[in-house]
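Below is one structure, written out as structure tokens; the observations come after it.
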Amino acid sequence: SQDARTLCMELLSTPNLMAPNLNDQLLPTTSPYNLETSRYLVETLSTADLRGVKTNSFMIPSSSDAEVDFPSTTRTPKFLHHKASLEVTKTTDSAFDVVCNIPYDDLRALKVGEDLHLNILSVAELCYDNLLVSCGLYLFEKLDLVKKMNLSFSKLVRFLQRVQQGYNSNNFYHNVKHAADVTQRLAALLTQSKLYPGTLSDIEMTAALIAALLHDFEHCGRNNAFLITTRHPFARQHNDQHVMENHSLFSGLELLAQPSTNFLEHLPSRDVESLYAQVIQMVLATDMAMHFSTVSHFTQRIKAAELRPKTGLGGPQVLNEHKQIVLNMALKVADLGHCTLKDQE
């Protein structure tokens, strides 16, 4: 990944900066990088504002012209010194390795998206300040959603970078670590229960990951009751209804309305509408003011045998009209699941 980054900087410092011949220089036949990596580099450099490139950074084309730093290639995460037990075999730099500056297999060895009891702090030591991008991109790649859904890889990366920026590092709870923890636990719940693949469609799984990534986006560190009582602008904007949840949804889904971060651009409009509806319902269900009513609604359906899955060839079968209830509860469990972990600092 360091070689790839060096190559990027060389391309951007060439005399022909305004029109570098990216295809000739990065084609697999003339490049040491595999096809996926080469395509990512070409697409990223072709869509970036090249005039805004500075050493150790690149510009993401957006209305805010937000600058995003590449992860540093000179640091050695201290976690690496303590992971001798992890058997990692790395053959070549993939696009994931270039973007995240860590081997894809390192996250696989930690069982990200598989282990309900994963200590996210261990992953954070490995990823440093690129935790949410690394976990989010890893899960999309692991579940093969980029290929299945024909998602734009470079725009997915930009989306994840912008979401990561939206989590305040000074927020002691609703921060990047929490977002990554919830997202990986939700993926583990849905895959280990064999709801995906099988019962849930690719659209529904994609929506679930987006909901987890966005569920506390731009959280201000205060609960809804406080914001309503103090007449905070968020409360006024959302008419005192699910204040932080609605703010996270509005700000997060706005990213998908921007051309530079809309990685869903190739999906049919009906699929996008379905995805949005699912994301909205899942995030609103995380409002703790609705906790008891949401849990009660779920348990009543269980007792009525409406949600008791029947095991089929593809795993547990849940009726379409009950999927949203199951997904809402899954995100709630993922959101609060850290309370059940042991030996957490």
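Heads up: the sequence shown is residues 7 to 351, going by the numbering used here.
Heads up, the beta-carbon is just placed ideally off N, CA and C, and yes, glycines get one too.
Beta carbon of residue i, beta carbon of residue j: below 7 Å?
i	j	result
VAL188	ALA217	no
HIS297	HIS225	no
LEU220	MET288	no
PHE240	LEU233	yes
PHE159	VAL152	yes
THR205	MET155	no
ALA4	LYS183	Shown here, the chain extends from 7 to 351; a query on residue 4 therefore has no answer.
CYS141	GLN198	no
LEU192	PHE269	no
HIS123	LEU347	yes
TYR173	ALA186	no
If distances are taken between C-alpha atoms only, which option among the options comes closest to residue i?
i	options	result
GLU120	LEU151, TYR202, ALA194, ARG228	ALA194
ALA231	ASN245, HIS184, PHE223	ASN245
VAL163	VAL139, GLY204, LEU206	VAL139
ILE331	LYS348, GLN284, GLY343, ASP111	GLN284
ASP111	CYS133, HIS123, LEU122	CYS133
GLU327	GLY227, ASN176, PHE304	PHE304
GLN171	SER100, GLY258, LYS200, ASN252	GLY258
ASN176	SER207, GLY227, ALA214, LEU215	GLY227
Pull up the distance between the alpha-carbon of residue i and that of residue j, whole angstroms please.
i	j	result
TYR202	PHE165	23 Å
ILE126	GLN243	34 Å
ASN136	LYS309	43 Å
THR279	ASP150	Note on identity: in this sequence residue 279 is Glu, with Thr being the wrong assignment. When rounded, the distance between both Cα atoms is 22 Å.
ILE209	LYS148	15 Å
VAL104	PHE256	31 Å
CYS106	HIS344	25 Å
SER266	GLU260	11 Å
TYR144	LYS161	15 Å
ASP341	ILE108	26 Å
LYS200	ARG237	44 Å
In chain order, each alpha helix (DSSP H) run of at least 4 residues that lies wholly inside the stretch 222-276: 230-235, 239-243, 249-261
Given 8 Å, three or more beta-carbon pairs between the stretch 331-338 and the stretch 286-304: yes
Sequence ranges, alpha helix (DSSP H) only - wholly within the stretch 124-202, length at least 4: 126-133, 137-148, 151-154, 159-172, 182-198
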